[in-house]
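Structure, as structure tokens:
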Amino acid sequence: MINILDDYALVSPLRYRNNWLKIAIVMFGILVGVSSQSFIPPFAIALCMSFATVHFGKTSFKFYLKILSAPAVFVLLSVVIIAFFFGSGTELFGFDIFSYHLGVNTGGLEMALLVFSRTLSGMSCLFFLALTTPMVELFSVLKATKLPDSFIEISMMMYRYIFVFLEVAWGIKYAQTVRLGYKDWRTSLNSLAMLSTTLFIRSWEQGEKIFISMSARCYDGKLIFFEEKRPIRANELVLTCTYFAAVLALWYLTRIHSIF
Amino acid sequence: MILETKGLKYSYHDGTQALKGIDVKIEKGKKIAFVGKNGSGKSTLFMLLNGTLKPKEGTVYFHGKPMEYDSKSLREIRKSVGIVFQNSDDQIFAPTVYQDVGFGPTNLGHSKEEVEKLVEKTLEYIGITEFRNKPPHHLSGGQKKRVAIAGVCSMEPDVMILDEPLANLDPVGADEILDLLNELNQNNTTMIISTHDVELAYSWADYVYFMNEGNIIGEGAPEDVFKDMELLKKSNLRQPRTLEIYNELERRNLATRNRFPTSVPELVHSLKPPELMWIEVSPDVKEGDVVNLGILHGEYAINSPYEAVNAKVLHIHPEGHAIAEMTRHGIKSGGIFIYDMDKYDAGPFKRILAEEDIDSIGAMGKKSKSLAEKHLLDLQITSGVIDKSILMALCGKRSMILTSGGMIEHAVKRIDEYAENSGIAIQLSLVNSEREELGI
Numbered sequence: 017m018i019n020i021l022d023d024y025a026l027v028s029p030l031r032y033r034n035n036w037l038k039i040a041i042v043m044f045g046i047l048v049g050v051s052s053q054s055f056i057p058p059f060a061i062a063l064c065m066s067f068a069t070v071h072f073g074k075t076s077f078k079f080y081l082k083i084l085s086a087p088a089v090f091v092l093l094s095v096v097i098i099a100f101f102f103g104s105g106t107e108l109f110g111f112d113i114f115s116y117h118l119g120v121n122t123g124g125l126e127m128a129l130l131v132f133s134r135t136l137s138g139m140s141c142l143f144f145l146a147l148t149t150p151m152v153e154l155f156s157v158l159k160a161t162k163l164p165d166s167f168i169e170i171s172m173m174m175y176r177y178i179f180v181f182l183e184v185a186w187g188i189k190y191a192q193t194v195r196l197g198y199k200d201w202r203t204s205l206n207s208l209a210m211l212s213t214t215l216f217i218r219s220w221e222q223g224e225k226i227f228i229s230m231s232a233r234c235y236d237g238k239l240i241f242f243e244e245k246r247p248i249r250a251n252e253l254v255l256t257c258t259y260f261a262a263v264l265a266l267w268y269l270t271r272i273h274s275i276f
Numbered sequence: 483m484i485l486e487t488k489g490l491k492y493s494y495h496d497g498t499q500a501l502k503g504i505d506v507k508i509e510k511g512k513k514i515a516f517v518g519k520n521g522s523g524k525s526t527l528f529m530l531l532n533g534t535l536k537p538k539e540g541t542v543y544f545h546g547k548p549m550e551y552d553s554k555s556l557r558e559i560r561k562s563v564g565i566v567f568q569n570s571d572d573q574i575f576a577p578t579v580y581q582d583v584g585f586g587p588t589n590l591g592h593s594k595e596e597v598e599k600l601v602e603k604t605l606e607y608i609g610i611t612e613f614r615n616k617p618p619h620h621l622s623g624g625q626k627k628r629v630a631i632a633g634v635c636s637m638e639p640d641v642m643i644l645d646e647p648l649a650n651l652d653p654v655g656a657d658e659i660l661d662l663l664n665e666l667n668q669n670n671t672t673m674i675i676s677t678h679d680v681e682l683a684y685s686w687a688d689y690v691y692f693m694n695e696g697n698i699i700g701e702g703a704p705e706d707v708f709k710d711m712e713l714l715k716k717s718n719l720r721q722p723r724t725l726e727i728y729n730e731l732e733r734r735n736l737a738t739r740n741r742f743p744t745s746v747p748e749l750v751h752s753l754k755p756p757e758l759m760w761i762e763v764s765p766d767v768k769e770g771d772v773v774n775l776g777i778l779h780g781e782y783a784i785n786s787p788y789e790a791v792n793a794k795v796l797h798i799h800p801e802g803h804a805i806a807e808m809t810r811h812g813i814k815s816g817g818i819f820i821y822d823m824d825k826y827d828a829g830p831f832k833r834i835l836a837e838e839d840i841d842s843i844g845a846m847g848k849k850s851k852s853l854a855e856k857h858l859l860d861l862q863i864t865s866g867v868i869d870k871s872i873l874m875a876l877c878g879k880r881s882m883i884l885t886s887g888g889m890i891e892h893a894v895k896r897i898d899e900y901a902e903n904s905g906i907a908i909q910l911s912l913v914n915s916e917r918e919e920l921g922i
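Chains as they are written, first to last, in our numbering: chain B, 17 to 276; chain Z, 483 to 922.
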């Protein structure tokens, strides 16, 4: 059994809170984070969102660090490059390599920090959404955005059958592995091709079967949506407003300052 | 006659003839089983019965009228004839349980409020309210099967067709689905299933059709068709275990002739009274008298804490040596109590448990089970409740059956039927309902 982010979101207690509020918090976080001139507000946002995900959303801290570490590796690599090759100002330290001078100056460091903090805040905002709001909840949000119904209906069915085919794919992969289907590169390629072919045929057949079973229940182009009334509670509103106010204040205060 | 077919033929595009002239008659309110090996045409027939496929030859009659294949008539038919597919994943397509159960009613043109009410009612009835917000991939096989059944139930069909309803389920999950099917049938839904499980067809159905290679090769009441060894051989099936055991016992003259036990209590009852023994009798005892041999207790009393042993004297030899047939009776009398969970009241309930010295509690129907769970009642029997209660009553134990709605009537009828057929009176009491109210 493999777990995907959606599975964590489905069991999160924050699933049962107002979806629009969560989306507003995430959008706010991303916008402020990106527009900030200093690295302090994005860091604050990242901290708050991570706290909300782990504490209110009951995501295990270890797991949270693990999923955050995947993008973190890329970010750190780019940050190092930015620090060395960008910006101007007083040089903080440097060294010579093959008679070529490499150095980090204040401008570069500041830019690197800013990029790092913005990425981090963006990631933590998106993870907050991904770990607390499962797809089934997002469909009703999509519905409210006036997207065409057929688009949402198709995405609902895609969502449902992703898991069916995932299971089929894992089953086939396992059956191939135990018969040494992945023993070297050549066989792997061959096995993978067979897996994709089978999966394609299976999904085609599945489509036909669903059509039969749907018309057996009088399908005439209407699906119902899962809509649960989830009013925003007073304490949630107060907490969100305080958070917004605090971040905005921080954003305003740090807009012209520089650490150097 | 709710569904009828005459000379039904169907062949697929590749030329395989799936059905070669099928005549079936399905009566309202019955439990019908189609039995046959894989590929014998059961699924094809089912798809013809609700108009998914159109026959190449022959006609399907619905309520006596030939089936039409325009979209309006098809809608009517599909509303009344629901079909549950073998693989739940082929049927459950919506991202949440709630949406899937609401799919049918929405298509029938009910308003949003009506759909909501219907879905809530169905979810509660099937006992899956707790899964309403869950995506189907978080459910087990048995739970998915329940959702699939609920999806059809919410359209309130007259006939429910289930393709291999118990395939790939664990024994307890299968028992629960079977309970559900019986419950639905009690509420006047005609049930049609396909299966290659002979035990299921034999013990569950009122009428059985045997299919082989697109033909009906035999039909009849289960006790008639399952004794036909020739027919079973032709269908690639074997006899049900209970029947097989009974036949062996009968051949050894241990069981009464011409019975068709479908359950363990019935099998037990078909056994001949055992134990002829030699006893010494006083000179004044005549042949045919009953002699009391005393009371056994402790480990000698197999059936209940105390047993009275009586012996009927069959033949007396000179010198007072006699052959007697032993009968043993548990002294503590067993009984079955039926409690209507819709009227559950903790105080009186606990009192009855204590007063009546109840040995075990069983619950029948998903609703009663979840109610019992809610009220923290410890259940000893959760599947095959009626049969097990009868067996316990025969052994001098007292059991309480928790149930509700139409299942009460079902239980009373089953127990009365057993008493009538076996001649053994079982003490049956309805704790908080009246026989008159049930219309029995």
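Virtual Cβ for every residue (Gly too), placed ideally from N, Cα, C.
Under 8 Å between C-beta atoms, does residue i make it to chain B?
i	result
Z:Lys627	no
Z:His857	no
Z:Gln568	no
Z:Ala561	Residue 561 of chain Z is actually Lys in this sequence, not Ala. Chain B, which has a Cβ nearer than 8 Å to the Cβ of Z:Lys561, makes this yes.
Z:His619	yes
Z:Phe575	yes
Z:Val597	yes
Z:Ile508	no
Z:Asp496	no
Z:Gly586	yes
Z:Leu590	yes
Z:Gly521	no
Z:Gly652	According to the sequence shown, residue 652 of chain Z is Asp rather than Gly. Not an interface residue.
Any beta carbon of chain Z sitting closer than 8 Å to that of residue i?
i	result
B:Phe181	no
B:Lys162	no
B:Leu26	yes
B:Asp165	no
B:Tyr280	Since the displayed chain B opens at 17 and closes at 276, residue 280 of chain B lies outside it and no answer follows.
B:Ile217	no
B:Arg233	yes
B:Tyr268	no
B:Lys245	no
B:Tyr175	yes
B:Asp236	yes
B:Lys225	yes
Tell me residue i's beta-bridge partners as DSSP assigns them.
i	result
Z:Gly817	Z:Arg880 and Z:Gln909
Z:Asn697	Z:Asn694
Z:Phe516	Z:Ser676 and Z:Tyr691
Z:Leu644	Z:Val566 and Z:Ile675
B:Phe109	B:Val120
Z:Asp822	Z:Thr885
Z:Met759	Z:Ala806
Z:Val772	Z:Lys794
Just to confirm, is the Cβ distance from residue i to residue j under 8 Å?
i	j	result
Z:Leu858	Z:Ile843	no
Z:Ile643	Z:Ile608	no
B:Phe102	B:Gly124	yes
Z:Lys538	Z:Tyr492	yes
Z:Ile883	Z:Ala893	yes
Z:Ile504	Z:Phe528	no
Z:Lys488	Z:Gly540	yes
Terminal residues of the continuous alpha helix (DSSP H) containing residue i?
i	result
B:Gln192	Asp165 to Val194
B:Ser153	Inspection of the sequence shows that residue 153 of chain B is occupied by Glu rather than by Ser. Here the alpha helix (DSSP H) through B:Glu153 covers Met151 to Ala160.
Z:Tyr543	First-last for Z:Tyr543: Glu539 to Phe544, but that is the beta strand (DSSP E), not the alpha helix (DSSP H).
Z:Lys594	Lys594 to Ile608
Z:Thr487	Note, Z:Thr487: premise wrong, no alpha helix (DSSP H); beta strand (DSSP E) at Leu485 to Ser493.
Let's see if you can read the secondary structure: which residues bound the beta strand (DSSP E) around residue i?
i	result
Z:Val767	No beta strand (DSSP E) holds Z:Val767; DSSP gives it neither H nor E.
Z:Gly844	Ser842 to Ala845
Z:Leu736	Careful: Z:Leu736 lies outside any beta strand (DSSP E) and carries neither H nor E.
Z:Gly503	Gln499 to Ile508
message: Under 8 Å: do the segment 205-221 of chain B and the segment 550-560 of chain Z share three or more Cβ pairs, one atom per stretch?
response: Taking 8 Å as the limit for Cβ pairs, the verdict is that the segment 550-560 of chain Z does not touch the segment 205-221 of chain B.
message: Could you check whether the segment 501-521 of chain Z touches the segment 686-701 of chain Z, counting it as contact only if at least three pairs of C-beta atoms, one from each stretch, sit closer than 8 Å?
response: A contact exists between the segment 501-521 of chain Z and the segment 686-701 of chain Z.
message: Within 8 Å, do at least three Cβ pairs link the segment 184-203 of chain B to the segment 629-642 of chain Z?
response: With the rule of 3 Cβ pairs closer than 8 Å, the segment 629-642 of chain Z does not count as touching the segment 184-203 of chain B.
query: Do the segment 66-81 of chain B and the segment 23-34 of chain B make contact, defined as three or more Cβ pairs closer than 8 Å?
result: By the criterion of at least three beta-carbon pairs nearer than 8 Å, the segment 66-81 of chain B is in contact with the segment 23-34 of chain B.
- prompt: Counting Cβ pairs, one atom from each stretch, are 3 or more of them under 8 Å apart for the segment 791-808 of chain Z and the segment 846-854 of chain Z?
  reply: Three or more Cβ pairs closer than 8 Å define a contact, and the segment 791-808 of chain Z falls short of that threshold against the segment 846-854 of chain Z.
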